[in-house]
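Q: Structure incoming, see below.
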Amino acid sequence: MPIEWNEEDGIFHLFNERTSYLLQIVHRKYPAHLYWGKRVHTLQPASILSFKGRTFSPTTEPTSKQFSLDTLPQEYPAYGNGDFRCPAYQLRTSDGSTITEFVYDSHEILKGKPSLVGLPFAYVEDDSEAETLVITMVDSKLGIGINLFYTIYRDLDVITRSASFEHLGTQAVEIHKCMSMSLDFHHSDWDWLHLHGTWARERYLEREPLHHGVQSISSSRGASSHQHNPFLALLSKDANEEHGEVYGVSLVYSGNFEASIEVAPYETTRLSIGINPFDFIWRLKPGGTFQTPEAIMVYSSAGLGGMSRTFHKLLRARVCRGTYRDKLRPVLINNWEATRFHFSERNLKELTDAAAELKIELFVLDDGWFGHRDNDKSSLGDWTVNQKKLPHGLKGLGDYVQTKGMKFGLWVEPEMVSPDSDLYRKHPDWCLHVRGRNRTLSRNQLILDLSRQEVCDWLVETLTNLFHSAPISYVKWDMNRNMTEIGSAVLPPERQKETAHRYMLGLYQILEKLTERFPHILFESCSGGGGRFDPGMLYYMPQTWTSDNTDAVERLKIQYGTSIVYPVITMGAHVSDVPNHQVGRITPIQMRLSVAMAANLGFELNVDKLSTEEKLAVQKGIQLYRKIQGLISFGDLYRLLSPFEGLETAWMYVADNQKQAAVFYYQTLATPNPPFRRLLLRGLHPKQKYRLNNGETVFYGDELMKIGVTLPLVKTDFFSEIFEIQAEN
1 MPIEWNEEDG IFHLFNERTS YLLQIVHRKY PAHLYWGKRV HTLQPASILS
51 FKGRTFSPTT EPTSKQFSLD TLPQEYPAYG NGDFRCPAYQ LRTSDGSTIT
101 EFVYDSHEIL KGKPSLVGLP FAYVEDDSEA ETLVITMVDS KLGIGINLFY
151 TIYRDLDVIT RSASFEHLGT QAVEIHKCMS MSLDFHHSDW DWLHLHGTWA
201 RERYLEREPL HHGVQSISSS RGASSHQHNP FLALLSKDAN EEHGEVYGVS
251 LVYSGNFEAS IEVAPYETTR LSIGINPFDF IWRLKPGGTF QTPEAIMVYS
301 SAGLGGMSRT FHKLLRARVC RGTYRDKLRP VLINNWEATR FHFSERNLKE
351 LTDAAAELKI ELFVLDDGWF GHRDNDKSSL GDWTVNQKKL PHGLKGLGDY
401 VQTKGMKFGL WVEPEMVSPD SDLYRKHPDW CLHVRGRNRT LSRNQLILDL
451 SRQEVCDWLV ETLTNLFHSA PISYVKWDMN RNMTEIGSAV LPPERQKETA
501 HRYMLGLYQI LEKLTERFPH ILFESCSGGG GRFDPGMLYY MPQTWTSDNT
551 DAVERLKIQY GTSIVYPVIT MGAHVSDVPN HQVGRITPIQ MRLSVAMAAN
601 LGFELNVDKL STEEKLAVQK GIQLYRKIQG LISFGDLYRL LSPFEGLETA
651 WMYVADNQKQ AAVFYYQTLA TPNPPFRRLL LRGLHPKQKY RLNNGETVFY
701 GDELMKIGVT LPLVKTDFFS EIFEIQAEN
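Everything in the sequence shown is counted per the numbering used here, starting at 1 for the first residue and increasing by one.
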């Protein structure tokens with residue numbers, strides 16, 4: 001896994017056993033992209049880089065009339081001195097100009113991977129896991145350097161990239177754009193795939209051919225958003241789940257982002273991702289440094305499935321952190337859909353009793369336990385117990401839960417404040433706002449200004465006291481609105497457009513302190529469900545509430561789309577009541593169980609009102625889940641049938657040693673007089689013998705993958721079945 005430097009040709013080769021990434025310092029000035037893909041052992045730059053004078057493409061180097069930055073496949077391009085494509089960065093100097101000239105100055109090759117100060121990032125636990133190339137580019141007139149960071153992992157087809165700006169000059173400059181990475185491909189014969197949606201319909205798949213010009217996704221909502229996930233991929237035209245080339249990029253960031261693809265006139269493709277430049281300016285003073293978030297880049301020659309499994313391994317083991325990173329998660333029950341705001345200590349204890357009988361392991365108290373909050377119109381920010389509802393406080397309820405052999409968890413929404421709250425009445429300037437302008441409400445709440453250090457400090461101490469006040473082992477951290485009137489009362493006019501990014505830095509600072517102080521707490525992030533499901537949040541909270549939509553049929557699409565990037569162990573999934581609260585659909589308990597068991601299993605209904613038959617199904621479901629939970633949480637995921645393409649969905653989990661697997665099959669609607677169908681499995685060892693559901697018949701792995709298993713013919717909607725597969729000794 002070394003990074004090689006050929007000084008004569010100016011070529012850097014980042015490689016491991018499967019992947020190569022090559023770039024060249026052209027004319028000893030300009031970092032140019034040569035290749036990224038399957039491992040190669042040697043490369044002649046002349047076989048990749050060809051130069052030809054193009055009409056209306058400026059000649060950048062006087063001694064080489066064939067050379068132009070407008071056609072050079074650059075690694076971190078600027079605008080204004082010859083390249084008319086989308087730039088990776090743009091600075092505005094004190095004289096008002098945005099023209100810069102950063103050229104190669106030096107480089108350094110490091111063992112391991114440096115951390116990013118104040119930002120989440122993919123890490124290593126030992127320096128032998130990765131190597132890092134740092135290329136320094138300098139604009140000598142401005143006295144500013146840009147450090148380009150490239151890390152290649154030894155055991156994964158992963159490269160991470162970021163950039164930092166260091167000001168060693170004398171006059172302040174403004175950063176107007178700073179992508180985390182930019183990459184030029186040598187052709188445009190690609191499809192592109194991204195994950196779009198809205199509240200209750202997160203991370204739906206969309207795949208389209210590239211067209212000339214710019215196609216992009218973004219968020220300017222102050223969060224990574226329900227609407228677009230900070231991820232996109234380029235796919236070869238023949239790429240499917242298991243075949244073809246796929247290049248995926250994901251941003252380790254939870255705020256405003258932009259990911260764009262530009263197809264240029266000469267059929268090249270420029271891909272970039274980073275902080276959204278819309279409404280962003282960062283004032284960089286002499287002596288200051290600005291670090292971009294990190295981009296994770298994954299190459300797969302084994303289709304989308306190969307890309308996903310690489311993302312899963314990296315995010316699960318080298319982005320998620322803490323006590324619960326490698327632990328199975330408890331089966332929980334959340335009281336929200338059972339009680340909403342209207343609960344008492346008595347009915348919470350009754351719900352606890354019923355859950356304990358079913359061997360559920362964790363009871364979570366949701367919204368409504370604090371202040372005078374009987375609806376969503378008040379009390380956010382007043383994190384004191386409502387004694388009318390809980391006369392013995394959180395500790396009294398938590399202690400009772402523990403007597404039933406369960407753990408106790410709590411819902412909070414710390415980033416928000418209600419106008420009807422003691423906190424707002426005391427500190428009306430602590431929210432994001434613009435002086436003299438209306439303060440727009442969403443869900444009857446405003447957002448605390450986490451760009452202010454005193455607000456961050458208050459939150460850390462308030463939550464520290466709260467988490468110490470009861471036997472809390474789980475926290476659901478919610479965030480139920482996006483940003484409006486993005487301004488801060490303490491920032492000067494020239495720094496107001498830093499507010500959204502400073503907010504994220506403040507949030508990350510809070511989460512870093514709290515997770516350090518409470519390593520025993522399992523934190524689950526939430527933003528109206530999946531509105532902030534991104535690698536940045538996973539760095540602090542190893543799982544996310546996948547969606548507020550708990551309908552089993554809708555969850556097939558949501559969980560399938562989420563799995564394109566995110567590992568199953570990061571997804572929260574609950575069995576809820578019927579008719580479903582979001583779509584009104586009635587599905588059988590077995591279907592709801594089978595869908596929720598395909599992630600971190602939980603319940604969100606009054607289990608005491610289940611029928612005897614349903615309670616028995618829940619008990620059996622939990623027993624089966626515990627039996628195969630390790631496989632679901634840590635096995636390799638193979639998507640078999642897509643809910644976006646028909647009435648059936650299937651996926652399977654395979655152990656690393658290929659000795660065990662579990663197949664989940666779902667039929668949403670029955671088909672009259674259907675044909676016999678066979679489901680082709682994946683990921684098994686072709687020469688290994690396997691049994692299905694402890695049956696008498698033994699199958700070879702290649703038979704199960706090439707001939708498949710016969711699917712049942714059932715005359716019912718909302719059918720599901722789980723196949724357990726065990727290798728013969």
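Backbone N, C-alpha and C define an ideal beta-carbon position, used for all residues, glycine too. From a predicted model like this one, the values you see are computed outputs, not experimental measurements.
#1: Name the one or two DSSP bridge partners that L761 has.
#2: Taking all protein chains shown into account, do 16 or more other C-beta atoms lie within 10 angstroms of the C-beta of V575, making it buried, or fewer, making it exposed?
#3: In the DSSP output, what is T403 paired with across the bridge?
#4: Over what stretch of residues does the alpha helix (DSSP H) that includes K422 continue unbroken?
#5: Name the two residues that bound the continuous alpha helix (DSSP H) containing M537.
#6: Indicate whether N750 and V364 have their beta-carbon atoms separated by less than 7 Å.
#7: With distances taken Cα to Cα, identify the nearest neighbour of C726 among E696, H212 and F603.
#8: When DSSP builds the beta bridges, which residues end up paired with E258?
#9: Tell me, which residues are paired with V709 by DSSP?
#10: Are at least three pairs of beta-carbons, each pair with one atom in the stretch 68-82 and one in the stretch 103-117, less than 8 Å apart?
#11: Could you name the residues that DSSP lists as bridge partners for I25?
#12: Mind checking F67: buried by the 16 CB within 10 Å criterion, or exposed?
#13: Ends of the beta strand (DSSP E) at N347?
#14: So, for N240: in the same chain, excluding its five sequence neighbours on each side, which residues have a beta-carbon less than 6 Å away from its beta-carbon?
#15: Are there any heavy atoms of the ligand NAD lying less than 6 Å away from the beta-carbon of S97, as far as the coordinates show?
#16: So with Cβ pairs under 7 Å, would you call M537 a contact of chain C?
#17: Count the other CB atoms within 10 Å of the CB of G405; is the residue buried (16 or more) or exposed (fewer)?
#18: To the nearest angstrom, how far is the alpha carbon of T198 from that of Q227?
#19: Are the beta-carbon atoms of R283 and R85 separated by less than 7 Å?
#20: Quick one: is G646 buried, meaning 16 or more other Cβ sit within 10 Å of its Cβ, or exposed?
#21: Might you give, ordered along the chain, the residues of its own chain that have their beta carbon closer than 6 Å to the beta carbon of S300, omitting 5 neighbours on each side?
#22: Report the residue from P330, T484 and F56 whose alpha carbon sits nearest the alpha carbon of M571.
#23: Based on the DSSP secondary-structure assignment, which residues constitute the bridge partners of Y474?
#24: Do Q582 and A617 have their C-beta atoms within less than 7 Å of each other?
#25: Using three-state DSSP, classify K52 as helix, strand or coil.
#26: In the structure shown, what three-state DSSP assignment does Q582 receive?
#27: Tell me the rounded alpha-carbon separation between I558 and R203.
#28: Less than 7 Å between the C-beta atoms of C456 and Q496, yes or no?
#29: Could you pull out every residue in the same chain whose Cβ sits closer than 7 Å to the Cβ of G487, ignoring the five residues on either side in sequence?
#30: I need the straight-line Cα distance from H501 to P265, nearest angstrom please.
#31: Counting along the chain, where does the alpha helix (DSSP H) carrying D457 start and finish?
#32: What first and last residue would you give for the beta strand (DSSP E) that runs through F718?
A: Let me spell this out:
#1: An answer regarding residue 761 cannot be provided, because it is not within the stretch 1 to 729 covered by the chain.
#2: Position 575 of the sequence shown, counted from the first residue, corresponds to residue 575. That one is buried.
#3: Sequence index remark: in the sequence shown, residue 403 carries index 403 (1-based). In the DSSP output, where bridge partners are listed per residue, T403 has none listed.
#4: Here residue 422 corresponds to residue number 422 of the sequence shown, with the count starting at 1. A small correction: the amino acid at residue 422 is Asp; Lys does not occupy that position in the sequence shown. Per DSSP, D422 belongs to the alpha helix (DSSP H) from D422 to K426.
#5: Your numbering for residue 537 matches position 537 in the sequence shown. Where M537 is concerned, the enclosing alpha helix (DSSP H) stretches over P535 to L538.
#6: In the structure as shown, the chain begins at 1 and stops at 729. Residue 750 is therefore absent and cannot be evaluated.
#7: By 1-based counting over the sequence shown, the position of residue 726 is 726. In the sequence as displayed, the identity of residue 726 is Gln instead of Cys. The shortest Cα separation from Q726 among E696, H212 and F603 belongs to E696.
#8: Translated into positions along the sequence shown, residue 258 becomes position 258. DSSP lists S218 and G274 as partners of E258.
#9: Within the sequence shown, the letter at position 709 stands for residue 709. Note: V709 sits in a beta bridge opposite L679.
#10: no
#11: The count along the sequence shown starts at 1 and reaches residue 25 at position 25. P31.
#12: What you label residue 67 is simply residue 67 of the sequence shown in a count that begins at 1. F67 should be labelled buried.
#13: As a first step, residue 347 must be located in the sequence shown, where it is residue number 347. It is not in any beta strand (DSSP E) - N347 instead sits in the alpha helix (DSSP H) that spans E345 to E357.
#14: Residue 240 sits at position 240 when you count from the first residue of the sequence shown. Excluding sequence neighbours, N240 sits near G303.
#15: No copy of the ligand NAD occurs in the structure displayed, which carries no ligand at all.
#16: Among the chains of the structure shown, chain C does not appear; only one protein chain is present.
#17: Position 405 of the sequence shown, counting from 1, holds the residue named residue 405. Exposed, because fewer than 16 other Cβ atoms sit within 10 Å of the Cβ of G405.
#18: Sequence index remark: in the sequence shown, residue 198 carries index 198 (1-based). Sequence index remark: in the sequence shown, residue 227 carries index 227 (1-based). Taking the straight line from one Cα to the other gives about 5 Å.
#19: For the purposes of this step, residue 283 is taken as the residue at position 283 of the sequence shown. For the purposes of this step, residue 85 is taken as the residue at position 85 of the sequence shown. No, these two residues do not count as a Cβ contact at 7 Å.
#20: As a position in the sequence shown, residue 646 is number 646, starting the count at 1. Exposed, by the Cβ-count rule.
#21: Here residue 300 refers to the residue found at position 300 of the sequence shown. Cβ within range, chain order: V246, G306 and M307.
#22: Indexing the sequence shown from 1 puts residue 571 at position 571. With distances taken between Cα atoms, M571 lies closest to P330.
#23: Position 474 of the sequence shown, counted from the start, is the residue given in the question as residue 474. In DSSP, Y474 forms a bridge with G409 and L522.
#24: As a first step, residue 582 is located in the sequence shown; it is residue number 582 there, counting from the start. As a first step, residue 617 is located in the sequence shown; it is residue number 617 there, counting from the start. No, Cβ-Cβ distance for Q582 and A617 is not below 7 Å.
#25: Residue 52 sits at position 52 when you count from the first residue of the sequence shown. Looking at K52 - three-state DSSP - the assignment turns out to be coil, as it is neither helix nor strand.
#26: Looking up residue 582 in the sequence shown gives position 582. Residue state, collapsed to three classes: coil.
#27: Residue 558 sits at position 558 when you count from the first residue of the sequence shown. Residue 203 sits at position 203 when you count from the first residue of the sequence shown. Rounded to the nearest angstrom, the two C-alpha atoms are 6 Å apart.
#28: Taking the first residue of the sequence shown as position 1, residue 456 is located at position 456. Taking the first residue of the sequence shown as position 1, residue 496 is located at position 496. Not in contact: C456 and Q496 (Cβ atoms no closer than 7 Å).
#29: Mapped onto the sequence shown, residue 487 falls at position 487. If we look at G487 and ignore the five residues flanking it on each side, its Cβ neighbours are L432, H433, V434, Q496 and T499.
#30: Locating residue 501 in the sequence shown gives position 501, where the first residue counts as 1. Locating residue 265 in the sequence shown gives position 265, where the first residue counts as 1. Each residue's Cα considered, the two are about 34 Å apart.
#31: Position 457 of the sequence shown holds residue 457. It spans Q453 to H468 - the alpha helix (DSSP H) in which D457 sits, taken as one unbroken run.
#32: For the purposes of this step, residue 718 is taken as residue 718 along the sequence shown, with counting starting at 1. From DSSP, F718 is part of no beta strand (DSSP E); its letter is neither H nor E.
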